[in-house]
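Scroll down for the structure; my scribbles are underneath it.
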Amino acid sequence: MAISAPGAVWDGNLVGLAFAALPLAEGKTYELPFFQYDKGMGRFTLKVVGLAKVDGQDA
247 MAISAPGAVW DGNLVGLAFA ALPLAEGKTY ELPFFQYDKG MGRFTLKVVG LAKVDGQDA
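Heads up: the sequence shown runs through residues 247 to 305, numbered per our numbering.
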């Protein structure tokens with residue numbers, strides 16, 4: 247299969263790893279284009295809207 251994409255695209259099965267690797271900071275926004283084999287092209291838009299602590303540690 248061949249597709250035309252405007253730039254780098256994440257495999258839809260790996261977006262969880264991509265999210266975990268992002269340098270999250272309050273107010274940051276990210277756009278992650280992806281390709282899912284059964285749905286085609288898509289885009290996640292993420293915005294960090296706050297901070298959280300888990301067991302007293304920054305999360």
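Glycine is no exception: its CB is placed at the ideal position from the N, C-alpha and C atoms.
Only a predicted model underlies this, so the values are computations on that prediction, with no experimental measurement involved.
I'd like the span of the beta strand (DSSP E) that includes residue i, first residue to last.
i, result
"L278", "275-282"
"G286", "286-293"
Can you name, in chain order, every residue of its own chain whose Cβ lies under 7 angstroms from the Cβ of residue i, other than the five neighbours on each side?
i, result
"V294", "L270, A271, E272, G273, K274"
"Q282", "G258, G288"
"E277", "R289, T291"
"L268", "Y276"
Alpha carbon to alpha carbon, what distance is there between residue j and residue i?
i, j, result
"F280", "W256", "4 angstroms"
"L297", "Q303", "11 angstroms"
"T291", "F265", "11 angstroms"
"V300", "L260", "25 angstroms"
"G262", "A251", "21 angstroms"
Just curious, the alpha helix (DSSP H) that residue i is in, first and last residue?
i, result
"G261", "Note that residue 261 corresponds to Val in the displayed sequence, not to Gly. 261-267 is the span of the alpha helix (DSSP H), which, as asked, contains V261."
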